Amino acid sequence: MMKDIDCGALRKEHAGKVVTLSGWVHRRRDHGGLIFVDLRDRSGLVQVVFDPDTSKDNFVQAEKLRSEFCVQIKGEVSIRPAGLENKELATGEIEVKAKELNILSTSQVLPFALDTRTDVDENVRLRYRYLDLRRPELQQNFILRHRITKAVRDFLDQEGFLEVETPMLTKSTPEGARDYLVPSRVNPGTFYALPQSPQIFKQLLMVSGFEKYFQIAKCFRDEDLRKDRQPEFTQIDMEMSFIDTEDIYSLIERMFTHIFDKVMGIKLTTPFPRMTYAEGMRRFGSDKPDTRFGIELTDVSDLVSNCGFKVFADTVAKGGEVKGICVPGCADYTRKQLDDLTLLAQELGAKGLAYMLVKEEVKSPIAKFFTPEEIKALLERMGAKEGDLVLFVADKPTTVAAVLGRLRLDFGAELGLIPENQLNFLWVVDFPLLEWSEEEKRYVAVHHPFTSPKDKDFDKDPANAVAKAYDLVLNGVELGGGSIRIHDAELQAKLFSVLGISPEDAEDKFGFLLKAFKFGPPPHGGIAFGLDRMIWLLAGAESIRDVIAFPKTQKAVCLLTDAPSLVSEKQLRELHVASTVVKE
RNA sequence: GGAGCCGUAGUGCAGUCGGCUUAACACGCCUGCCUGUCACGCAGGAGAUCGCGGGUUCGAGCCCCGUCGGCUCCGCCA
96 MMKDIDCGAL RKEHAGKVVT LSGWVHRRRD HGGLIFVDLR DRSGLVQVVF DPDTSKDNFV
156 QAEKLRSEFC VQIKGEVSIR PAGLENKELA TGEIEVKAKE LNILSTSQVL PFALDTRTDV
216 DENVRLRYRY LDLRRPELQQ NFILRHRITK AVRDFLDQEG FLEVETPMLT KSTPEGARDY
276 LVPSRVNPGT FYALPQSPQI FKQLLMVSGF EKYFQIAKCF RDEDLRKDRQ PEFTQIDMEM
336 SFIDTEDIYS LIERMFTHIF DKVMGIKLTT PFPRMTYAEG MRRFGSDKPD TRFGIELTDV
396 SDLVSNCGFK VFADTVAKGG EVKGICVPGC ADYTRKQLDD LTLLAQELGA KGLAYMLVKE
456 EVKSPIAKFF TPEEIKALLE RMGAKEGDLV LFVADKPTTV AAVLGRLRLD FGAELGLIPE
516 NQLNFLWVVD FPLLEWSEEE KRYVAVHHPF TSPKDKDFDK DPANAVAKAY DLVLNGVELG
576 GGSIRIHDAE LQAKLFSVLG ISPEDAEDKF GFLLKAFKFG PPPHGGIAFG LDRMIWLLAG
636 AESIRDVIAF PKTQKAVCLL TDAPSLVSEK QLRELHVAST VVKE
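Each residue of the first sequence is one higher than the last, beginning at 96 in this note's numbering.
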């Protein structure tokens, strides 16, 4: 090794020792007659002093040092003179008096500074990702990621889980996200798909009798990106036989207890609270409610069903609902602010947004449509007091939830109502099995088409069928979800039929799974967690890109390598693929 | 597929009202000075096709149209 100790590990106890360090020149302070260098390696920083009295040759060499030169330094650890300690630095009580300097490699001037003082354009950061990743705060994210992944492996190993790899080149499946496709050279005209998740394989492993499976699995979905979504991402994927929902809840609660204890020394309280999907939508307008603060949705449909305000009354008459949120202390909102809120509501699908500014009197464009008694009843129901702002949306339940759920989150953040250091885990349970797709004019699976209904006779009332599906939510972020699967070929066939998948299609797409289920499949179920999202949340990172070493932009481009890129005609010919894009 | 915001030295930004000159400032960089700094200091210097293309105008970093890229959001993401 070209170093015998890490920079960040040096302490008073090492005083007098001669050590060899290797790292990068983090900063250089040249006083002419004395040069200070902050030497950085993964462990941290230590101050190195070059003094011509110690070695004239070294000193001359040290004058050449620049930012990010990679160097090896041999020197004596010494206690800093009194009054010259640096409390900001873990190694601030000591410094290293350089005896030998070996410049391992030089560096061009960096395209951007590695400090945190300035937010460098992400474009530039991603193009020079290897430099970006030198920044200690980014490295911390990856150290956290490593430790969490290790804690997961240790825990699941101890619980008797087997880590099994499943194929990356697999079969395209209908339902779900768009697939990334890989053309087959050997089989002209056919394509593999990269897995959206190892779903079917892990179920097959249950048929194989593995009983407890897990995998830290790469997954791929060709959908548009968000700040918490990348085209390729990692899941902690698991599946178990001979279990039901309670077994999953308990296992996962123990797993998170283990992770938080081992990695962060935080003791979690279990069991985690549970909430049905229906309740989440009703109270928070979300299937992943952030329960750390209030501003819950309140239904006032019954109070306005006969009121003079046609928009409200008609909505209720047509089977819609009128709900509101009470925003504390915002009665002084300006016309502009209210207009912006209305605009946001409209972008989310609402026709409008009604408001009441609760001052000595209620100021509202719709006040004139209500009797004083009705207004009093509304405010009372909303729990509004003087100084509050009350917002109403009248629409179909999904729109009301979308708009008020979003406004609630925005206000929570803007008004600082969200306690930063609170960890609110929440099981969201009893998801609907199916939802009607207007686009496809058929039912589609809310979770996936292998999810077990709670009731075998779900087909009698598909719209209201409840699934044995669950999500784990932390502070309003969906960490992961899963379900108990169907292990009965007949029940599976029935679900396919309700989904409008013909027996022929089912045979073509999932025939192998249906066949496998004819050979004594065990009852089974599982869950998968988005590892990147988990680290993102726990690291408090700005974007999910900050916990992925080489992430892609919103257009799914890797700015470092310039992927995706054109390939040669020869490659395309070999793959029996022709591009339909017309060249310039 | 749609909406919004952004794009000016290596980096972060000012310039927003079309005409203040040589496009300002800070950090970084280069040169010189400096033996106790730690975001070292001091003096000087270099560095900008104002993302790209077109248009309006006597005149465009600034206005208009298009385009490319980045970010955020909606749709999408079983």
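Every residue, glycine too, gets a C-beta built ideally from N, C-alpha and C. Computed from a prediction, not measured in an experiment: that's the story for all the values here.
How would you call Gly178, buried or exposed, if buried means at least 16 neighbouring beta carbons within 10 angstroms? exposed
Since Leu577 and Gly621 are thought to touch, with beta carbons under 8 Å apart, how far apart are those beta carbons, to the nearest angstrom? Residue identity differs from the one stated: residue 577 is Gly in this sequence, not Leu. Approximately 5 Å separates the beta-carbon atoms of Gly577 and Gly621; this is inside 8 Å, confirming the contact.
How would you write the range of the beta strand (DSSP E) that Ile622 sits in, first residue to last? His619 to Gly625
Asn559 to Asp552, Cα distance in whole Å? As the crow flies, the alpha-carbon of Asn559 is around 11 Å from that of Asp552.
4-residue-minimum alpha helix (DSSP H) runs that sit fully inside the stretch 367 to 414, ordered along the chain: 372 to 379, 396 to 399 and 405 to 412
Out of curiosity, what's the CA-to-CA distance linking Val219 and Asp641? 14 Å
Where Ser660 falls: helix, strand or coil (DSSP): coil
Hey, how far is the Cα of Asn197 from the Cα of Val166? 6 Å
I want to know whether the stretch 186 to 200 touches the stretch 100 to 107 - three or more CB-CB distances under 8 Å. yes
Cutoff 8 Å; reference Ala157; Cβ partners in own chain excluding five residues on either side: Ile130, Val132, Phe145, Ala193 and Leu196
Counting C-beta neighbours from all protein chains within 10 Å, is the total for Glu679 16 or more, i.e. buried, or is it exposed? With a pLDDT of 41 at Glu679, under the threshold of 50, the modelled position of this residue cannot be trusted; read the value that follows with caution. Glu679 should be labelled exposed.
Per-residue DSSP class, three states only, for Gly118: strand
Going by Cα to Cα distance, which pick from Val277, Leu499 and Trp631 is closest to Leu682? Residue 682 lies beyond the stretch modelled for the chain, which goes from 96 to 679, so this question has no answer here.
Does DSSP classify Gly606 as helix, strand or coil? It is helical.
Would you mind working out which of Thr265, Leu473, Gly271 and Asp490 sits nearest Ala288, comparing C-alpha positions? Thr265
Kindly indicate which three-state DSSP category Gly103 falls into: helix, strand or coil? helix
Tell me whether Asn181 sits in a helix, a strand or coil according to DSSP, three-state version. In the structure shown, Asn181 sits in coil (DSSP, three-state: anything other than H, G, I, E or B).
Per DSSP, the bridge partner or partners of Ile470: Within the DSSP bridge table, the entry for Ile470 names no partner.
DSSP three-state assignment for Glu679, whether helix, strand or coil: The pLDDT assigned to Glu679 is 41, lower than 50, so where the model puts this residue is not dependable; a value taken from the coordinates is nonetheless given after this. Reduced to three states, the DSSP call for Glu679 is coil.
Spatial distance of Met376 from Asp657 (CA atoms): 42 Å
Can you tell me whether Glu163 is buried or exposed? The criterion is at least 16 other CB atoms within 10 Å of its CB, across all chains shown. buried
Tell me which residue opens and which closes the beta strand (DSSP E) that Gln310 is part of. Lys307 to Phe315
Mark Phe337 as exposed unless 16 or more other C-beta atoms lie within 10 angstroms of its C-beta, in which case mark it buried. exposed
If we count Cβ pairs, one from each stretch, closer than 8 Å, do we get three or more for the stretch 626 to 640 versus the stretch 318 to 334? yes
Run through the DSSP bridge pairs and tell me what Met333 is partnered with. Phe309 and Ile622
With 16 other CB atoms within 10 Å as the buried threshold, where does Ile347 fall? buried
Looking at the unbroken alpha helix (DSSP H) that takes in Ile347, where does it start and where does it end? Counting along the chain, the alpha helix (DSSP H) containing Ile347 begins and ends at Thr340 to Ile354.
CA nearest to the CA of Pro262, picked from Phe296, Pro206 and Arg161: Phe296
Start and end residues, alpha helix (DSSP H) containing Gly507: Its alpha helix (DSSP H) spans residues Pro492 to Glu509.
For the stretch 236 to 317, list the alpha helix (DSSP H) runs that are entirely contained and at least 4 residues long, ordered along the chain. Those alpha helix (DSSP H) runs which fall completely within the stretch 236 to 317 and span 4+ residues are 294 to 302.
Using CA coordinates, which residue listed in Glu391, Thr410 and Ala246 is at the minimum distance from Ser400? Thr410
Within its chain, find whatever has a CB closer than 6 Å to the CB of Arg124; leave out the 5 residues flanking it on each side and keep chain order. Phe131
Measuring alpha carbon to alpha carbon, tell me which of Leu586, Ala584 and Leu590 ends up nearest Val541. Leu590
What three-state label does DSSP hand Asn516 in the structure shown? In the structure shown, Asn516 sits in coil (DSSP, three-state: anything other than H, G, I, E or B).
Excluding sequence positions up to five away, which residues of its chain have a Cβ less than 7 Å from the Cβ of Thr340? Lys563, Tyr565 and Ile579
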